[in-house]
Amino acid sequence: MGVFDRALFEKETSRTFDPKEIASATARYEKEGAELSKQVKLFCMIDLSTLQKEQVRKVVSYIDLTTLAGDDTKSRVEKLVDRALSPIPGDPSVTCAAVCVYPQRVHNVASHLKDIKKKFNVAAVAAGFPSGQYHLKSKLLEVQLTVADGANEIDIVISRAAALEGEWESSDFIKTSTGKETTNATLEVSFVMCSAIKRWYELTGKKVGFKPAGGIKTPLEALAYVALVKNVRSLFLLLTR
Numbered sequence: 035m036g037v038f039d040r041a042l043f044e045k046e047t048s049r050t051f052d053p054k055e056i057a058s059a060t061a062r063y064e065k066e067g068a069e070l071s072k073q074v075k076l077f078c079m080i081d082l083s084t085l086q087k088e089q090v091r092k093v094v095s096y097i098d099l100t101t102l103a104g105d106d107t108k109s110r111v112e113k114l115v116d117r118a119l120s121p122i123p124g125d126p127s128v129t130c131a132a133v134c135v136y137p138q139r140v141h142n143v144a145s146h147l148k149d150i151k152k153k154f155n156v157a158a159v160a161a162g163f164p165s166g167q168y169h170l171k172s173k174l175l176e177v178q179l180t181v182a183d184g185a186n187e188i189d190i191v192i193s194r195a196a197a198l199e200g201e202w203e204s205s206d207f208i209k210t211s212t213g214k215e216t217t218n219a220t221l222e223v224s225f226v227m228c229s230a231i232k233r234w235y236e237l238t239g240k241k242v243g244f245k246p247a248g249g250i251k252t253p254l255e256a257l258a259y260v261a262l263v264k265n266v267r268s269l270f271l272l273l274t275r
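The sequence shown begins at 35 in the numbering used here and counts up by one.
Okay, here's the thing in structure tokens:
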């Protein structure tokens with residue numbers, strides 16, 4: 035992850051804008067957001083059969099197939115693993131990127147993978163998901179236990195209070211949302227986040243990943259996010275290296 039350059043971050047996030055500059059930027063992003071929304075509507079009018087199969091296969095390979103329900107069981111997460119390993123019937127060459135579950139269910143995933151003799155990425159939400167309002171010691175312990183159970187990626191909810199108070203640190207990737215909010219991933223917010231990732235890379239040479247989470251239900255919606263990333267100049271190459 036590297037050393038976080040706090041001074042540079044503060045400089046980039048503490049600039050003083052005059053009202054005209056703010057109004058101009060807001061109008062520009064609203065316009066770009068509206069255009070992206072039109073793209074989604076256009077995608078939804080296209081029959082999926084007209085899309086290139088390779089595009090859909092790539093999108094599927096980016097997915098963290100997830101279940102974060104209060105009534106998740108061993109049986110449910112095992113079925114999730116099987117589906118993630120073979121998401122497209124009749125096409126064994128494609129898998130999802132990972133499965134994502136609650137910490138309590140990670141050992142079920144690891145055990146099932148061992149039983150079927152498969153290796154696969156296991157992500158988990160930890161550190162006080164979804165609020166982040168937990169004691170630091172309990173957050174760290176939860177992460178340690180989850181990794182010990184077999185997770186190789188932890189999606190951590192930041193302390194919103196720390197963010198509001200300017201207590202920033204670095205990250206491997208940033209995520210739009212927990213997926214548990216009324217409004218989750220949107221193209222407009224994702225555009226701003228992707229632009230920030232690109233700007234940070236230009237300034238520091240440090241790569242930060244991006245995850246849209248929640249509300250993406252169909253291949254057509256997912257393709258709209260791929261289009262967004264490609265439209266933020268050079269970002270797609272950065273995130274897929």
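Glycine is no exception: its CB is placed at the ideal position from the N, C-alpha and C atoms.
Just confirm the distance between the C-beta atoms of Pro246 and Thr210, as a whole number of angstroms; I'd bet it's less than 8 angstroms. About 5 angstroms; that satisfies the 8 angstroms criterion.
Exercise. Determine the contact status of Thr180 and Val143, defining contact as a CB-CB distance below 8 angstroms.
Key: Taking a C-beta distance under 8 angstroms as the contact criterion, Thr180 and Val143 do not qualify as a contact pair.
Taking contact to mean 3 or more Cβ pairs, one atom from each stretch, closer than 8 angstroms, check whether the segment 153-162 and the segment 201-209 are in contact.
Output reads no: the segment 201-209 does not touch the segment 153-162.
query = What residues are listed by DSSP as bridge partners for Ala160?
reply = The partner list for Ala160 (beta bridge, DSSP) reads Ile190.
Quiz item: Whole beta strand (DSSP E) runs in the segment 241-267 with 3 or more residues, listed along the chain?
Solution: If we require 3 residues or more, the beta strand (DSSP E) runs fully inside the segment 241-267 come out as 243-245.
*When you compare only the Cα positions, how much space is there between Lys108 and Tyr136?*
Spanning the two alpha carbons is a distance of roughly 11 angstroms.
Those residues which DSSP pairs with Asp98 across a bridge: Looking at the DSSP assignment, Asp98 forms a beta bridge with Ala132.
Practice task
For Ile122, name the three-state secondary structure that DSSP assigns.
Solution key: Looking at Ile122 - three-state DSSP - the assignment turns out to be coil, as it is neither helix nor strand.
- With respect to the alpha helix (DSSP H) encompassing Lys151, which residues constitute its N-terminal and C-terminal limits? Judged by DSSP secondary structure, Lys151 falls outside any alpha helix (DSSP H); it is assigned neither H nor E.
**Prompt:** Taking C-beta to C-beta, are Gly124 and Val156 nearer than 8 angstroms?
**Reply:** No, these two residues do not count as a Cβ contact at 8 angstroms.
**Prompt:** Can Val175 and Phe225 be called in contact, C-beta distance under 8 angstroms?
**Reply:** Looking at the sequence shown, residue 175 is not Val but Leu. No, these two residues do not count as a Cβ contact at 8 angstroms.
Output needed for Leu99: all residues of its chain with C-beta closer than 8 angstroms, excluding positions within five of it in sequence on either side, in chain order.
For Leu99, same chain residues with a beta-carbon under 8 angstroms away, outside a window of 5 residues either side, are Leu114, Arg117, Ala118, Pro121, Cys130, Ala132, Val133 and Cys134 in chain order.
*Neighbour-count burial assignment, Phe207, 16 or more Cβ in a 10 Å radius*: Under this definition Phe207 is an exposed residue.
Quiz item: Do you know whose CA, among Met227, Ile250, Ile97 and Val191, lies nearest Asn218's CA?
Solution: For Asn218, the closest C-alpha among the options Met227, Ile250, Ile97 and Val191 is that of Ile250.
Skipping 5 residues on each side, what residues in its chain have a beta carbon closer than 6 angstroms to that of Ser193?
So the qualifying residues of the chain are Gly166.
query: When you compare only the Cα positions, how much space is there between Ile188 and Tyr235?
result: So the two alpha carbons sit approximately 23 angstroms from each other.
Inset, instruction - Give the DSSP bridge partners of Phe207, in chain order. - result: Per the DSSP secondary-structure output, Phe207 pairs in a beta bridge with Gly243.
| said: Can you look up Asn218 in the DSSP assignment and give me helix, strand or coil? | reply: Coil at Asn218, not helix or strand.
Give the range of the alpha helix (DSSP H) segment to which Asp183 is assigned.
Note, Asp183: alpha helix (DSSP H), Leu170 to Asp183.
**Report entry** Cβ neighbour criterion (16 or more within 10 Å) applied to Gly239
**Finding:** For Gly239, the number of other beta carbons within 10 angstroms of its own is below 16, and it is reported as exposed.
* To do: Kindly indicate which three-state DSSP category Gln353 falls into: helix, strand or coil?
  => There is no way to answer for residue 353, as the model of the chain reaches only from 35 to 275.
Classify Ala195 as helix, strand or coil using the three-state DSSP reduction.
Of the three classes helix, strand and coil, the one that applies to Ala195 here is helix, per DSSP.
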